[in-house]
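The sequence shown lines up with residues 1 to 316 when you count with the UniProt record's numbering.
Glycine included, every Cβ here is placed at the ideal spot set by N, Cα and C.
Bear in mind the structure is a predicted one, so any value in this text is a computation, not a measurement.
For reference, the structure discussed in these notes is given below.
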Amino acid sequence: MRVQVAGIDLVNPVLAASGTFGYGIEFEEIVSLDRIGGFVTKGLSREPMAGNRAPRLIETSAGMINAIGLQNIGVDAFIEKKLPALRRYNHCAVIANVFGYTEKDYLAVIERLNAAEGIAAYELNASCPNTQHGGMVFGSDPDLLNDLVWRCKQVATRPLIVKLSPNVTSIAVMARCAENAGADAVSLVNTFVSLSIDIETRRPRIRNITGGLSGPAIRPVAVRMVWEAARAVTIPVLGMGGITTPEDAVEFLLAGATAVQVGTASYADPRAVERIAHGLEHWCSRHHVAKVTDLTGKLDTAAPKEETPPEPAQGS
(Lines of atoms letter the chains of each structure in order from A; the text may use other names.)
(Lines give C-alpha, C1' and ligand atoms only; values in the text may rest on other atoms or scores of the structure.)
Protein backbone atom coordinates (compact mmCIF):
# COMPACT_ATOMS: atom_id res chain seq x y z
CA MET A 1 0.00 0.00 0.00
CA ARG A 2 3.01 2.30 0.20
CA VAL A 3 3.38 5.06 -2.38
CA GLN A 4 5.74 7.95 -2.90
CA VAL A 5 4.58 11.44 -3.77
CA ALA A 6 7.13 14.17 -4.49
CA GLY A 7 9.75 12.24 -2.56
CA ILE A 8 7.44 11.71 0.44
CA ASP A 9 6.90 8.10 1.54
CA LEU A 10 3.27 7.44 2.46
CA VAL A 11 2.08 4.28 4.25
CA ASN A 12 -0.91 4.28 1.91
CA PRO A 13 -2.28 6.60 -0.79
CA VAL A 14 -5.25 7.97 1.19
CA LEU A 15 -5.00 11.41 2.80
CA ALA A 16 -7.46 13.81 4.40
CA ALA A 17 -8.09 16.94 2.35
CA SER A 18 -7.55 20.50 3.50
CA GLY A 19 -10.43 22.24 5.22
CA THR A 20 -12.15 19.02 6.28
CA PHE A 21 -9.71 17.64 8.87
CA GLY A 22 -8.87 20.68 10.97
CA TYR A 23 -5.19 20.70 11.88
CA GLY A 24 -5.15 16.93 12.21
CA ILE A 25 -4.67 16.70 15.95
CA GLU A 26 -8.39 17.28 16.54
CA PHE A 27 -9.06 13.86 14.98
CA GLU A 28 -6.54 11.81 16.98
CA GLU A 29 -9.22 10.29 19.23
CA ILE A 30 -11.39 9.38 16.23
CA VAL A 31 -8.93 8.34 13.53
CA SER A 32 -5.76 6.27 13.91
CA LEU A 33 -3.53 8.86 12.30
CA ASP A 34 -0.70 6.40 11.67
CA ARG A 35 -3.05 4.28 9.56
CA ILE A 36 -3.71 6.94 6.95
CA GLY A 37 -1.24 8.28 4.43
CA GLY A 38 -1.43 11.73 5.92
CA PHE A 39 -3.53 14.87 5.94
CA VAL A 40 -3.50 18.42 4.64
CA THR A 41 -4.07 21.15 7.22
CA LYS A 42 -6.64 23.91 7.00
CA GLY A 43 -5.26 26.74 4.90
CA LEU A 44 -2.68 28.74 6.86
CA SER A 45 -2.31 32.51 6.46
CA ARG A 46 0.11 35.10 7.85
CA GLU A 47 -2.43 36.27 10.41
CA PRO A 48 -5.49 34.59 11.99
CA MET A 49 -8.70 34.93 9.97
CA ALA A 50 -12.29 34.76 11.22
CA GLY A 51 -13.77 33.74 7.88
CA ASN A 52 -17.15 34.62 6.44
CA ARG A 53 -20.38 35.19 8.35
CA ALA A 54 -23.02 32.45 8.56
CA PRO A 55 -24.74 30.83 6.82
CA ARG A 56 -21.58 29.64 5.12
CA LEU A 57 -22.16 25.90 4.67
CA ILE A 58 -25.26 24.16 3.30
CA GLU A 59 -26.14 20.67 2.20
CA THR A 60 -27.05 20.09 -1.44
CA SER A 61 -28.06 17.08 -3.49
CA ALA A 62 -25.09 14.69 -3.29
CA GLY A 63 -22.78 17.24 -1.72
CA MET A 64 -22.46 20.59 -0.03
CA ILE A 65 -21.62 24.21 -0.75
CA ASN A 66 -19.31 26.12 1.55
CA ALA A 67 -17.98 29.64 1.79
CA ILE A 68 -16.08 29.32 5.06
CA GLY A 69 -13.74 32.09 4.01
CA LEU A 70 -10.47 30.33 4.85
CA GLN A 71 -10.95 30.72 8.60
CA ASN A 72 -7.77 29.69 10.41
CA ILE A 73 -5.63 30.36 13.48
CA GLY A 74 -2.66 31.71 11.51
CA VAL A 75 0.69 30.13 10.79
CA ASP A 76 2.35 31.11 14.07
CA ALA A 77 -0.40 29.61 16.24
CA PHE A 78 -0.31 26.43 14.15
CA ILE A 79 3.43 26.03 14.71
CA GLU A 80 3.17 26.76 18.43
CA LYS A 81 -0.09 25.05 19.40
CA LYS A 82 -0.83 22.27 16.88
CA LEU A 83 2.39 21.02 15.34
CA PRO A 84 4.18 19.80 18.50
CA ALA A 85 1.46 17.26 19.29
CA LEU A 86 1.50 15.94 15.71
CA ARG A 87 5.13 14.86 16.01
CA ARG A 88 3.95 11.77 17.92
CA TYR A 89 2.66 10.33 14.65
CA ASN A 90 5.74 9.35 12.69
CA HIS A 91 3.89 7.52 9.91
CA CYS A 92 1.35 10.23 9.10
CA ALA A 93 2.54 12.86 6.64
CA VAL A 94 1.62 16.40 7.69
CA ILE A 95 1.14 18.64 4.65
CA ALA A 96 0.66 22.34 5.34
CA ASN A 97 -1.83 24.12 3.09
CA VAL A 98 -0.65 27.66 2.37
CA PHE A 99 -2.61 30.60 1.00
CA GLY A 100 -2.51 34.36 0.68
CA TYR A 101 -3.88 37.32 -1.25
CA THR A 102 -0.50 38.43 -2.58
CA GLU A 103 2.67 36.55 -3.44
CA LYS A 104 4.30 38.10 -0.37
CA ASP A 105 1.62 36.47 1.81
CA TYR A 106 2.42 33.02 0.45
CA LEU A 107 6.16 33.54 0.80
CA ALA A 108 5.86 34.77 4.38
CA VAL A 109 3.88 31.70 5.44
CA ILE A 110 6.29 29.30 3.75
CA GLU A 111 9.30 31.01 5.33
CA ARG A 112 7.74 30.61 8.79
CA LEU A 113 6.98 26.95 8.14
CA ASN A 114 10.50 26.29 6.84
CA ALA A 115 11.81 26.75 10.37
CA ALA A 116 9.32 24.29 11.88
CA GLU A 117 9.87 20.56 12.33
CA GLY A 118 7.41 17.81 11.48
CA ILE A 119 6.05 19.02 8.13
CA ALA A 120 6.40 16.80 5.05
CA ALA A 121 5.38 19.22 2.29
CA TYR A 122 3.45 22.35 1.39
CA GLU A 123 0.23 22.45 -0.59
CA LEU A 124 -0.21 25.76 -2.35
CA ASN A 125 -3.86 26.85 -2.54
CA ALA A 126 -3.96 28.56 -5.94
CA SER A 127 -7.70 29.27 -5.75
CA CYS A 128 -7.29 32.56 -3.90
CA PRO A 129 -7.91 35.98 -5.50
CA ASN A 130 -4.78 38.04 -6.05
CA THR A 131 -5.74 41.40 -4.58
CA GLN A 132 -2.88 43.11 -6.41
CA HIS A 133 -4.34 42.08 -9.76
CA GLY A 134 -7.97 43.08 -9.36
CA GLY A 135 -9.03 39.89 -7.63
CA MET A 136 -7.96 37.55 -10.45
CA VAL A 137 -7.61 34.04 -9.00
CA PHE A 138 -4.01 32.80 -9.10
CA GLY A 139 -5.06 29.40 -10.39
CA SER A 140 -7.12 30.69 -13.30
CA ASP A 141 -4.37 32.67 -15.03
CA PRO A 142 -1.28 30.83 -16.32
CA ASP A 143 1.01 33.84 -15.87
CA LEU A 144 -0.09 34.47 -12.29
CA LEU A 145 0.19 30.77 -11.46
CA ASN A 146 3.63 30.53 -13.02
CA ASP A 147 4.95 33.49 -11.04
CA LEU A 148 3.42 32.28 -7.77
CA VAL A 149 4.72 28.72 -8.03
CA TRP A 150 8.17 29.79 -9.21
CA ARG A 151 8.62 32.28 -6.37
CA CYS A 152 7.33 29.87 -3.73
CA LYS A 153 9.61 27.12 -5.03
CA GLN A 154 12.60 29.42 -4.58
CA VAL A 155 12.01 29.75 -0.83
CA ALA A 156 10.42 26.39 0.04
CA THR A 157 12.70 23.89 1.75
CA ARG A 158 10.16 21.11 1.34
CA PRO A 159 8.30 19.61 -1.65
CA LEU A 160 5.70 21.91 -3.18
CA ILE A 161 2.28 20.57 -4.17
CA VAL A 162 0.08 22.97 -6.13
CA LYS A 163 -3.68 22.63 -5.58
CA LEU A 164 -5.43 23.55 -8.79
CA SER A 165 -8.77 25.25 -9.30
CA PRO A 166 -11.27 23.40 -11.53
CA ASN A 167 -12.82 26.69 -12.62
CA VAL A 168 -10.60 26.98 -15.69
CA THR A 169 -10.87 26.36 -19.42
CA SER A 170 -8.14 23.70 -19.47
CA ILE A 171 -6.94 21.88 -16.35
CA ALA A 172 -4.18 20.29 -18.42
CA VAL A 173 -2.73 23.69 -19.29
CA MET A 174 -2.73 24.78 -15.63
CA ALA A 175 -1.19 21.50 -14.46
CA ARG A 176 1.57 21.82 -17.05
CA CYS A 177 2.10 25.43 -16.03
CA ALA A 178 2.56 24.40 -12.39
CA GLU A 179 5.02 21.68 -13.37
CA ASN A 180 7.07 24.00 -15.57
CA ALA A 181 7.26 26.53 -12.73
CA GLY A 182 8.78 23.93 -10.41
CA ALA A 183 5.88 22.16 -8.67
CA ASP A 184 6.79 18.73 -7.29
CA ALA A 185 3.18 17.53 -7.58
CA VAL A 186 -0.31 18.85 -8.26
CA SER A 187 -3.53 18.17 -6.38
CA LEU A 188 -7.00 18.51 -7.88
CA VAL A 189 -9.73 19.39 -7.86
CA ASN A 190 -10.68 22.19 -5.54
CA THR A 191 -14.36 23.10 -5.25
CA PHE A 192 -16.54 24.37 -8.09
CA VAL A 193 -18.02 27.86 -7.87
CA SER A 194 -21.76 27.42 -7.35
CA LEU A 195 -24.95 29.14 -6.26
CA SER A 196 -27.99 27.89 -4.36
CA ILE A 197 -31.16 30.01 -3.99
CA ASP A 198 -33.94 29.84 -1.43
CA ILE A 199 -36.94 30.20 -3.73
CA GLU A 200 -39.27 31.23 -0.88
CA THR A 201 -37.17 34.22 0.15
CA ARG A 202 -35.54 34.61 -3.29
CA ARG A 203 -32.21 35.05 -1.58
CA PRO A 204 -28.94 33.12 -1.81
CA ARG A 205 -28.72 30.34 0.74
CA ILE A 206 -25.08 31.27 1.39
CA ARG A 207 -24.42 34.74 2.82
CA ASN A 208 -21.41 35.06 0.51
CA ILE A 209 -23.86 34.48 -2.41
CA THR A 210 -21.63 31.90 -4.12
CA GLY A 211 -19.67 29.07 -2.57
CA GLY A 212 -17.65 26.00 -3.43
CA LEU A 213 -19.49 22.81 -4.40
CA SER A 214 -17.94 19.54 -3.23
CA GLY A 215 -19.01 15.96 -2.58
CA PRO A 216 -20.17 13.06 -4.78
CA ALA A 217 -21.93 15.44 -7.17
CA ILE A 218 -18.59 16.57 -8.60
CA ARG A 219 -16.81 13.19 -8.71
CA PRO A 220 -17.22 12.32 -12.43
CA VAL A 221 -15.98 15.78 -13.43
CA ALA A 222 -13.08 15.55 -10.97
CA VAL A 223 -12.08 12.12 -12.30
CA ARG A 224 -12.06 13.50 -15.84
CA MET A 225 -9.89 16.43 -14.79
CA VAL A 226 -7.43 14.16 -12.97
CA TRP A 227 -7.19 12.03 -16.11
CA GLU A 228 -6.48 15.10 -18.23
CA ALA A 229 -3.92 16.50 -15.80
CA ALA A 230 -2.11 13.18 -15.38
CA ARG A 231 -1.70 12.90 -19.15
CA ALA A 232 -0.25 16.43 -19.32
CA VAL A 233 2.45 16.20 -16.62
CA THR A 234 5.19 13.88 -15.41
CA ILE A 235 4.94 14.86 -11.73
CA PRO A 236 2.58 13.02 -9.34
CA VAL A 237 -1.11 13.91 -9.25
CA LEU A 238 -3.20 13.78 -6.07
CA GLY A 239 -6.86 13.33 -6.93
CA MET A 240 -9.90 14.44 -4.96
CA GLY A 241 -13.55 15.26 -5.43
CA GLY A 242 -16.42 13.30 -3.91
CA ILE A 243 -14.55 10.22 -2.71
CA THR A 244 -16.71 8.32 -0.22
CA THR A 245 -15.82 4.66 -0.86
CA PRO A 246 -12.68 2.62 -1.62
CA GLU A 247 -14.04 2.07 -5.11
CA ASP A 248 -14.14 5.84 -5.65
CA ALA A 249 -10.46 5.99 -4.72
CA VAL A 250 -9.66 3.24 -7.22
CA GLU A 251 -11.38 5.27 -9.93
CA PHE A 252 -9.07 8.23 -9.31
CA LEU A 253 -5.99 6.00 -9.23
CA LEU A 254 -6.92 4.41 -12.55
CA ALA A 255 -7.38 7.90 -14.01
CA GLY A 256 -3.77 8.70 -13.14
CA ALA A 257 -3.63 9.76 -9.48
CA THR A 258 -0.74 8.52 -7.35
CA ALA A 259 -2.68 9.29 -4.17
CA VAL A 260 -6.10 10.64 -3.24
CA GLN A 261 -7.55 13.07 -0.74
CA VAL A 262 -10.84 12.56 1.09
CA GLY A 263 -12.74 15.72 1.98
CA THR A 264 -16.49 16.18 2.28
CA ALA A 265 -17.01 12.54 3.31
CA SER A 266 -15.42 13.36 6.68
CA TYR A 267 -18.38 15.60 7.55
CA ALA A 268 -20.79 12.65 7.41
CA ASP A 269 -18.29 10.10 8.73
CA PRO A 270 -15.34 11.49 10.72
CA ARG A 271 -13.54 8.15 10.24
CA ALA A 272 -14.01 8.18 6.46
CA VAL A 273 -10.30 8.60 5.64
CA GLU A 274 -9.25 5.59 7.71
CA ARG A 275 -12.22 3.54 6.52
CA ILE A 276 -11.41 4.20 2.87
CA ALA A 277 -7.70 3.45 3.39
CA HIS A 278 -8.56 0.15 5.05
CA GLY A 279 -11.15 -0.64 2.39
CA LEU A 280 -8.71 0.11 -0.43
CA GLU A 281 -6.27 -2.43 0.97
CA HIS A 282 -9.02 -5.07 1.04
CA TRP A 283 -10.11 -4.14 -2.49
CA CYS A 284 -6.57 -4.67 -3.76
CA SER A 285 -6.38 -8.04 -2.00
CA ARG A 286 -9.70 -9.23 -3.45
CA HIS A 287 -8.68 -8.13 -6.95
CA HIS A 288 -5.18 -9.61 -6.68
CA VAL A 289 -3.46 -6.24 -6.98
CA ALA A 290 -0.01 -6.83 -5.50
CA LYS A 291 0.93 -3.13 -5.23
CA VAL A 292 -1.47 -0.21 -5.14
CA THR A 293 0.94 1.66 -7.41
CA ASP A 294 0.02 -0.84 -10.14
CA LEU A 295 -3.37 0.91 -10.41
CA THR A 296 -2.08 4.39 -11.20
CA GLY A 297 -2.86 5.42 -14.77
CA LYS A 298 -4.11 2.02 -15.80
CA LEU A 299 -7.36 3.25 -17.33
CA ASP A 300 -8.05 1.14 -20.42
CA THR A 301 -9.40 3.43 -23.11
CA ALA A 302 -9.17 0.92 -25.93
CA ALA A 303 -12.43 0.13 -27.67
CA PRO A 304 -13.78 -3.26 -26.63
CA LYS A 305 -13.34 -6.02 -29.17
CA GLU A 306 -16.47 -6.76 -31.08
CA GLU A 307 -17.72 -10.28 -30.74
CA THR A 308 -17.94 -12.29 -33.91
CA PRO A 309 -21.62 -12.95 -34.59
CA PRO A 310 -22.56 -16.63 -34.67
CA GLU A 311 -22.90 -18.31 -38.02
CA PRO A 312 -26.51 -18.38 -39.22
CA ALA A 313 -28.18 -21.71 -38.84
CA GLN A 314 -28.20 -23.77 -42.01
CA GLY A 315 -31.62 -24.54 -43.39
CA SER A 316 -32.58 -28.17 -43.78
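Distances from the alpha-carbon of residue 46 to those of 241, 74 and 70 put 74 closest. The beta carbon of residue 195 lies closer than 6 Å to those of 210 in the same chain, with the five residues before and after it left out. The beta carbon of residue 208 is closer than 6 Å to those of 52 and 67 in its chain, skipping five residues each way along the sequence. DSSP, reduced to helix, strand and coil, places residue 101 outside both helices and strands of the structure shown, so it counts as coil.
Taking all protein chains shown into account, residue 184 has 16 or more neighbouring C-beta atoms within 10 Å of its C-beta and is therefore buried.
The criterion of a C-beta distance shorter than 9 Å is not satisfied by residue 182 and residue 227. As far as DSSP is concerned, residue 289 takes part in no beta bridge. Going by C-alpha positions, residue 263 is about 33 Å away from residue 303. Beta-bridge annotation (DSSP): residue 63 is paired with 60. By the Cβ neighbour-count rule, residue 268 is exposed, with fewer than 16 other Cβ atoms within 10 Å of its own. The residues 232 and 233, in chain order, have a CB closer than 8 Å to that of residue 176 in the same chain once the five nearest residues on each side in sequence are set aside. CA-CA distance, residue 38 to residue 245, rounds to 17 Å. Take the alpha-carbon of residue 205 and the one of residue 2: they are about 42 Å apart. Here residue 118 has 83, 86, 87 and 94 as same chain residues with Cβ atoms under 7 Å from its own Cβ, once five neighbours each way along the sequence are excluded.
Take the alpha-carbon of residue 230 and the one of residue 294: they are about 15 Å apart. In the DSSP annotation of this structure, residue 132 is not part of any alpha helix (DSSP H), being labelled neither H nor E.
Classified as exposed, residue 200 has fewer than 16 neighbouring CB atoms from the shown chains inside 10 Å of its CB. The beta carbons of residue 21 and residue 214 sit about 14 Å from each other, so the pair does not count as a contact at 8 Å.
Separation of residue 237 and residue 270 (C-alpha to C-alpha, rounded to the nearest whole angstrom) is 25 Å. Secondary structure note for residue 163: its beta strand (DSSP E) is the uninterrupted segment 160-163. Within the DSSP secondary-structure output, residue 8 pairs in a beta bridge with 5. With a 10 Å radius around the Cβ and a threshold of 16 neighbouring Cβ atoms, residue 135 comes out exposed.
Apart from the 5 residues on each side of it in sequence, residue 216 sits with its Cβ closer than 7 Å to the Cβ of 62, 63, 242 and 244 in its chain, given in chain order. Considering only 197, 120, 137 and 27, the residue with the shortest C-alpha distance to residue 160 is 120.
Less than 9 Å separates the beta-carbon of residue 166 from that of residue 189. Listed in chain order, the beta strand (DSSP E) runs fully inside the region 140-193 are 160-163 and 185-188, counting runs of at least 3 residues.
Looking from the CA of residue 130, the closest CA among 144, 124 and 219 belongs to 144. Judged by DSSP secondary structure, residue 247 falls within the alpha helix (DSSP H) whose first and last residues are 246-255.
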